[in-house]
Structures are given as structure tokens and as C-alpha cells.
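Q:
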Amino acid sequence: MPKSNKGLAVAAVGGYGRGELSPGSDLDIVILHQDQFSQEELGEFVNNLLYPLWDTKSVDHSVRTRSEVREIAEIDLKVALGLLDIRIVAGDIDLVASVHSDSLENWRKNARNRLPELKKSLEERHERAGELAYLLEPDVKEARGGLRDINAIRAIAASGVTNIPLERISWAESKLNDVRETLHQTSGRNKDRLLFQEQDAVARKLEYADADAMMSDVAQAARSVDYLLEFTWHQIAQRSKEGFFRFFRKPSDESVAKHLSVSRKEIVIDALTDLDGDPLLGLRAAATAAQLGLPIALESYSLLSKALNEGQGLLPNPWPREAREYLISLIGAGESMVPIFEALDQEEIIFHWLPEWRPLRSLPQRNALHRHTVDRHMVETAVHAAALARTVHRPDLLLFAALLHDIGKGETEDHSIRGERLIGPLALRIGFTSEDVAIIKVLVKHHLLLSATATRRDLDDPATIQSILLVIPDLTTLELLHALSIADGEATGSAGWSDWKATLVSDLVSRVKKAMTGSSTIAKQPEISPEQLKTAESGVLQVNLERRENGYSIEVISPDKPGLLSLVAGVLNASRLDVRSARTKSIGASAVMKWIVTPEQHAPVVTAQILRTEIEKAFNDVAHIEDKLIARAQAYASIPSIPVPDPIVEVFNDSATDATIIEVRSHDRPGLLFRIGAGITQSKVDIRSAIVTTLGAEAIDTLYVTELTGGPLSDARANEVASRLLQLLK
1 MPKSNKGLAV AAVGGYGRGE LSPGSDLDIV ILHQDQFSQE ELGEFVNNLL
51 YPLWDTKSVD HSVRTRSEVR EIAEIDLKVA LGLLDIRIVA GDIDLVASVH
101 SDSLENWRKN ARNRLPELKK SLEERHERAG ELAYLLEPDV KEARGGLRDI
151 NAIRAIAASG VTNIPLERIS WAESKLNDVR ETLHQTSGRN KDRLLFQEQD
201 AVARKLEYAD ADAMMSDVAQ AARSVDYLLE FTWHQIAQRS KEGFFRFFRK
251 PSDESVAKHL SVSRKEIVID ALTDLDGDPL LGLRAAATAA QLGLPIALES
301 YSLLSKALNE GQGLLPNPWP REAREYLISL IGAGESMVPI FEALDQEEII
351 FHWLPEWRPL RSLPQRNALH RHTVDRHMVE TAVHAAALAR TVHRPDLLLF
401 AALLHDIGKG ETEDHSIRGE RLIGPLALRI GFTSEDVAII KVLVKHHLLL
451 SATATRRDLD DPATIQSILL VIPDLTTLEL LHALSIADGE ATGSAGWSDW
501 KATLVSDLVS RVKKAMTGSS TIAKQPEISP EQLKTAESGV LQVNLERREN
551 GYSIEVISPD KPGLLSLVAG VLNASRLDVR SARTKSIGAS AVMKWIVTPE
601 QHAPVVTAQI LRTEIEKAFN DVAHIEDKLI ARAQAYASIP SIPVPDPIVE
651 VFNDSATDAT IIEVRSHDRP GLLFRIGAGI TQSKVDIRSA IVTTLGAEAI
701 DTLYVTELTG GPLSDARANE VASRLLQLLK
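So the sequence shown is numbered by the UniProt record's numbering: it starts at 1 and just counts up by one.
1. Quick check for students: name the residue ranges of the alpha helix (DSSP H) that lie wholly in the segment 50 to 87, counting only runs of 4 or more.
2. Give the single residue among I610, I557, A454, I528 whose Cα lies nearest to the Cα of V512.
3. In three-state terms, what does DSSP make of K119?
4. Where does D414 land, buried or exposed, given buried means 16+ other C-beta within 10 angstroms?
5. Would you decide whether W497 is buried or exposed? Buried here means 16 or more other CB atoms lie within 10 Å of its CB.
6. Closest to residue 731 by CA distance: which of L450, V392, D178, M378 is it?
7. Quick check on K585: does DSSP put it in helix, strand or coil?
8. For W357, count the other beta carbons within 10 Å of its own beta carbon; 16 or more makes it buried, fewer makes it exposed. Which is it?
9. Tell me the start and end of each unbroken alpha helix (DSSP H) in the segment 380 to 429 that is at least 4 residues and wholly inside, in chain order.
10. Tell me D139's beta-bridge partners as DSSP assigns them.
11. Got a sec? Which residues, its chain only, sit under 8 Å from R246 by beta carbon, not counting five neighbours each side?
12. Do T660 and A523 count as a contact pair if the criterion is CB distance below 7 Å?
13. Let me confirm a value: residue 736 is counted as buried when at least 16 other C-beta atoms fall within 10 Å, else exposed. Which label applies?
14. What residues are listed by DSSP as bridge partners for S553?
15. Once you ignore the five residues that flank M1 on each side, which residues in its own chain have a CB closer than 8 Å to its CB?
16. In angstroms with no decimal places, state the Cα-to-Cα distance between P251 and T288.
17. Starting from I269, follow its DSSP beta bridges and name the residues at the other end.
18. DSSP has S689 in a bridge; who is on the other side?
19. Is R361 helix, strand or coil when you go by DSSP?
20. Using the Cα positions of E124 and T464, report the straight-line distance between them to the nearest angstrom.
21. Among residues of its own chain, excluding the 5 on either side of E555, which ones have a beta-carbon nearer than 6 Å to its beta-carbon?
22. For Q312, which residues of its own chain have a beta-carbon under 8 Å away from its beta-carbon, when the five flanking residues on both sides are left out?
23. Taking its Cβ as the centre, do 16 or more other Cβ atoms sit within 10 Å of P116, making it buried, or is it exposed?
24. Please report the residue range of the alpha helix (DSSP H) in which S451 lies.
25. With a cut-off of 8 Å, do at least 3 Cβ pairs link the segment 138 to 145 to the segment 183 to 200?
26. Might you give, ordered along the chain, the residues of its own chain that have their beta carbon closer than 7 Å to the beta carbon of P320, omitting 5 neighbours on each side?
27. Can you round the beta-carbon distance between A631 and I625 to whole angstroms, since I take them to be within the 8 Å contact cut?
28. In whole angstroms, what is the alpha-carbon distance linking K730 and I296?
29. One question on the structure: do I269 and S300 come within less than 7 Å of each other, judged by their Cβ atoms?
30. Quick check: what's the CA-CA separation for A285 versus L344?
31. To the nearest angstrom, how far is the alpha carbon of L504 from that of I700?
32. Express the C-alpha separation of A502 and E266 in angstroms, rounding to a whole number.
33. Taking 7 Å as the cut-off, decide whether the C-beta atoms of I328 and L426 are in contact.
34. With DSSP collapsed to three states, give me the class of H234.
35. Quick one, are the C-beta atoms of V444 and H405 less than 7 Å apart?
36. Select from E616, L135, V579 the residue whose C-alpha is nearest the C-alpha of T598.
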């Protein structure tokens, strides 16, 4: 035995160093020494220390000098991380303090290389262990969002690279440690995987009502950890791009929407914004961030959350159309919607807009069919629905129903029946019409109908088809329910969806379509009032403008001419007015147009006279408008965006007796309608009527076109025009 403790110490590292031992945890220690001790003395000391411990505990130990510790920490990430939590157990306190100082200095000095290494190791572990929040039998230590990730967050904080609000995960850390410790006690194992058959016992020990309540807390804790970790990596990535450790360089901000800018690749709320005076700001920020594929700055989330908690910026009942469209744009952003929605949940902002979401938060589905909690499953269903939005004529109804199709879960009542009852008042509050609410209720109540019928009934039996016709009233609802069935099945996973099931459901839908009569998904030509007809007969350009909430209603009655739709759309777009809907129809030598538009941020004030003057200029010089639109397109090109599917262009040559119908379904963007109109004009085809609808971030344009000499297009001509449009819009 050494004669003196000077230059000799036993130190705890890792979980032992942090004081976080569970009953089954290993003891991680390092025996530090200086060179004055012989190998015999050290060997005797180590043996005397470890032999009694091995009888009751698994001990992971090393014996090193201070310089040896420095050397191994330089090359071994695990050692470097463990040393960040080193603490004295016995012996030379100065030696342990020196090693701790060395370790912290080394970690900070090498952070530029070590943090990417840490990130890679986390990704590899997440791939192996899965996501703690969504597994039926999760590993509370190793899985994504688990205790090892909390240690990683603390290690990143120790590097000094970025400020991390560690208090945000204090509850999560306490909860996961409690579960892990209780698991070790009740199971008698030193494993951290929370097996299904052990969950009830752990829940009882922790005084939960049942295992579902406990697993809900576990899921919420994991999501809090994962949210903070992802936010931290994003912060590091942005600062690395700007120059590592250059914290004080003022970022350049770029305005992207009203009261919103992009700074350091994040959406931020502009300084001095009156949140109470702009109740749509939160939804606008979420929709903008999702559509651009960018996160929202944590500080901006905090501003929104604080304002809402203080009763500022609350939405009216019912929501205005613009608010509803922001929600649909958020849902329709696909994969980029997931982190935004998760952040809105973590910051408890979403509950101010959708209080019905709170009971579903981290609600477990403890069966082998589902791989996600109820709320995450609905988000995943919305992601899959977004990929199908262009296949239906009411993508807004599809996306809304997809996000909330399981709203009835959490009680003993059939969730489809309960969901129908809950979704009606919610949809009305969001601002959907009573007709739309009726469709949404059918979708929620019968979201399992097609899958269940296709797999359990004889499709050759007429009674099977009749059973669908009794509850699905029209083609619009049928195509929406088909898309919802696919999205729900794909979000459930291979256990709930397969090529076989998809084929059966598609076959069922085809049979039901054939049996349906008197319904169509194509928008009908607009009606013209007697007053509009009388004005049109004068043959004089007239523009009437009416101020509406968040926009304008604009009526244009003009002498008809080739390219009129494109010209007026171009004028509106060049005036920085976003077209939300339009109804146009040619009557004799004139055309009647009704436009609903929303001004962009910083758009100049427009009047009827200003628009009339700009339209007259466009009649005389279309290049003037084209130049403005090109400049706007170049400005938008600098702003990031999410990838979107190609547009769909369909031809219906038997749906109208006097015209050919061309339907364009596309992601909305500046100048879209101008390009569509220009493509029609270039094809030497006349637009008799147009119905333009923007639903969230998707646009559906229905064009009734004829040859310049009158009459519908031949199939060959119609396909030629459709091909031209498709090329122009890609």
C-alpha cells in the first residue's frame, strides 16, 4: 500500500461521476496516480480496492497518470465525455481537479472536431436503438431522446460553442432517471429496456394510474430532449457556416412575410412587432417556416408562447380565411412540417390554436399495429397526405382530416364515432363552411371504411358497393376518403398497409366510382349577374375594388382579348397581390372577372384607378409586366424552399358540350396564373372561363378552353396544350 495519498486518487466518471447511479448501474472509476509509486504498490492498491467491489458490483476501471489521461482523451470520444463528469471519491483532490481542468480545456479546444464526431456517434446509436418516444419497448438510456442524449446535450454545453437552456429538460431528466431506477428495482436486471411485461409494475411503483399514463410521460420527456438536441445541432451548424465561434457578427436579415425574416437560416419575428395586433403571426410563421424548410428561432417561439399565455394575439372564432390557409400550408409542407409541429407542441403554442390536441399529446398506442403515439401518428398521416394533395380536388379537406382523423382516441367510446362528434365544432371554428364540415365529418367517421370493406367483404357482391354508396355521397368525398385511407395506412407502417391492401382498396374505389351517378369533381363555370352583363355590354374597361379583411375583392370587366387572364393575373402579381381565388367568364366581346387577393408585406397601396391604369399599360406592352415578374421570380429564387412534386395537368373532353376542360393542380408560387395563361395564349387557344382556387400552398386552376374559332379542342390538340403547360410549369 502507498504510504501517502498525495499523488493518488480514486475518481468517479460517467454516471457515477454525475451521481446518477441506478441499482443495476456499473461503477465507472479511474485510479489516478503520479510516477512516484511503483507498479507493486499500485497493483496492491488496485487489488485491495476492486476485489471487494466485484463481489457486489460490475466495475469498469482504468489506472492512469495525468498525462496518460490527456493522451487517451485526445483519441477516445467516450473517455473524453466521461471525464467531463469526473469527481473525487477519495485521495488527492488536487490531482482530480487538475485532470478535470485538463479534460474541460481539451474538450473546448477540440470542440470543432469533437462535436461532429459526437453527432455521428449519436446518429449511429439512434439508428440502432430507435426513438424512445415511439417504441413499444424503449431503451430509456440508449434510444433517441433518452438519458445518453441528455448527457450529450450537457457535453455540448460544456464546450461553450452555444448557449443551451438546460433547464428545459430538467423535468425530462428527472422523469427518465426515475423510470430507469424503478425498472432496475422491479426487474432485478441491470438492463435499461422497458419491456412490455414490466411496464405495469414500474408504473405501479411510480404511482401512475396505469402504464399508458407512464409511457405518455416517457414519450413526452423523450420528445423534450430530442427537441432541444435538434435545436442545438441547428444552432451549431449555422454558426459553423458563419465561421466557428464568430458569435458577434451581425447576420443579414431577409424579409419573407409580414413581420417575419430569415436570419441565420431561421425564421425570426421582426423586432418591435405588435403580437397582439397580429393574431395570425404565429400561424404565418409556422406556415412560412414549413414551406421554406427552415426552423423558427427559439427566441421567436418564446415570444409567441409568452404573448399567447398572456392572452395576446388570440384568434377570433371563427378563424378568418387567411388563418385557415396558413394552417393548411403548414400541414401540407410534408416532412418539413414535422419539426415545426413538434416545436409548436413543445412550446405549447399549438394548444392555443387547437386545444383538442392536448389530450392526444404523447398518448400511447400499446399495440403491435401502430409504431407511433396517437399525436405523432396523425402528424405522420398528414405527411403522407401531403404527398397525395395533388391527386384530389380539395387538398385542404384532405390535409385537415388527415391531421385530426384520430381525434376521438383516448376514451373507451369508438374513436371514429367520437371523432365525428369532436371534429364538427372544431372545423367550424377553423372557418370551414357547413358543407365542408359535413365532408370532414364523413372522412373522420369513416376513415377505416375502405380498408375494412376491401379486406373483409366480397367486392363482386353488389351489396358491398351499395354499403359504400350509402355513406359516401359523391366523387369528391370518395377521392378524399381514398387518399386518407392510403395516408393513414402508410403512416401506420407495414403492419397496417401493404401493396396487397392498396390494390384491394383501389379496386373497391374504382367499382364505387362506376356505380356513382350525377356527381363530378370538376368546378362549374361561374354565373354572371344581370348587372355584370349590363356593364360588359358597354365594352369599356372597368375596375371595382372592395377592401376586405386581409385583402381585396377586385372586379374587372373588360373587352375580351387573347391572353386577358394572363395579363390581369400578371398585373396583380406585379402589384404584389397574391391571388387566392378567381372566377372569370367571357360573355360575347367582353369578359367578367372576380378576383380575391391578399397583399404581400410592404406591398404598395392599390386603388381601382391604379389597377385600371396598369391593366391598360399591359394591354399595350405585355413585356412591361413580364420584366416585373422575372425580377420578382429572381428575388424569390434566393429564398430556400422545400422540394415539391411536379404539377398535374388533366384534360376532360367530355365534361362540357361547348368547351374542353383543362385542370392544373400545382404548388402555388408567384406568377403561376400568368404562366398558365401565357401557355394557353401561346397555344392559340381561347379561355372561355376560369376558376382559380388557392388552398393553403396548393393551387387548382380549371380552364374551359375553346379553339379561337369556337368549339372544344380535339383530343390531339388538348393533349398538345396540356403538354405545353406541363413543360412551362416544371
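Where is the CB? At the ideal position from N, CA and C, for every residue including glycine. Please read these numbers as outputs of a predicted model, since none were measured by experiment.
A: So, from the data block:
1. 66 to 75, 77 to 83
2. A454
3. helix
4. exposed
5. buried
6. The requested residue 731 is not part of the displayed model; the chain covers only 1 to 730.
7. strand
8. buried
9. 395 to 404
10. R193
11. Annotation note: pLDDT 42 at R246 (below 50); position unreliable, no value reported.
12. no
13. In the structure displayed, the chain extends from 1 to 730; residue 736 sits before or after that span and is not available.
14. E546, I596
15. For M1, the predicted model reports a pLDDT of 43, less than 50, meaning its position is unreliable; a value from the coordinates is still stated below. Cβ neighbours of M1 beyond the five flanking positions: E41, E44, F45, N48.
16. Low local confidence applies: a pLDDT of 49 at P251 is under 50, so the model's placement there is unreliable, with the coordinate-based value given in what follows. Spanning the two alpha carbons is a distance of roughly 20 Å.
17. L260
18. K585, Y704
19. coil
20. 49 Å
21. N544, K594
22. L275, D276
23. exposed
24. 449 to 456
25. yes
26. G431, E549, N550
27. At roughly 11 Å, the Cβ-Cβ gap does not stay under 8 Å, so A631 and I625 are not in contact.
28. 29 Å
29. yes
30. 11 Å
31. 29 Å
32. 39 Å
33. no
34. helix
35. yes
36. V579
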